[in-house]
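Chemist:
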Amino acid sequence: MSFIQTLSGKQFDYLSATIDDIDIEDIAVALSNICRFSGHLPKFYSVAQHSVLCSQLVSPEFAFEALMHDAAEAYCQDIPAPLKALLPDYREIEKRTD
1 MSFIQTLSGK QFDYLSATID DIDIEDIAVA LSNICRFSGH LPKFYSVAQH SVLCSQLVSP
61 EFAFEALMHD AAEAYCQDIP APLKALLPDY REIEKRTD
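Laid out in structure tokens, this is it:
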């Protein structure tokens, strides 16, 4: 089995996902529940918070791109970079999802 069921009820298959498998509300909810830095923080700081702050730091023309820069993490999680480097298959799946 290579899929997860998302909040919207869709099945996201890591090996054959299509644009129709992606839902903006699934992304928003998932990112709001994922803590940055593997949770090693004094206070909860979600990937969604980070994404919103990034969107506010750039020119309006790039705001949506900044907002969505971690969208793949809604499906692939926020894996620490040192661990990602050890998981080449994961990196390939993340690239396809992005």
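The sequence shown: position 68 = 68 (this note's numbering), numbered continuously. We put the beta carbon where it would ideally sit given N, CA and C, even for glycine.
1) From Val-52, Ala-72, Glu-73, pick the residue whose C-alpha is nearest to that of Ile-63; which is it?
2) For the candidate residues Gln-56, Asn-33, Pro-60, Pro-88, whose alpha-carbon lies nearest to that of Asp-78?
3) For Glu-73, is the classification buried or exposed, using 16 other Cβ atoms within 10 angstroms of its Cβ as the cut-off for buried?
4) Cα-Cα, which of Tyr-90, Ala-48, Met-1 is closest to Arg-36?
5) Helix, strand or coil for Asp-23, going by three-state DSSP, please let me know.
6) Would you decide whether Thr-18 is buried or exposed? Buried here means 16 or more other CB atoms lie within 10 Å of its CB.
Modeler: On the basis of the coordinates in this document:
1) In the sequence as displayed, the identity of residue 63 is Ala instead of Ile. Comparing Cα positions, the closest option is Val-52.
2) Asn-33
3) buried
4) Ala-48
5) coil
6) Classification of Thr-18: exposed, given that the 10 Å Cβ count is below 16.
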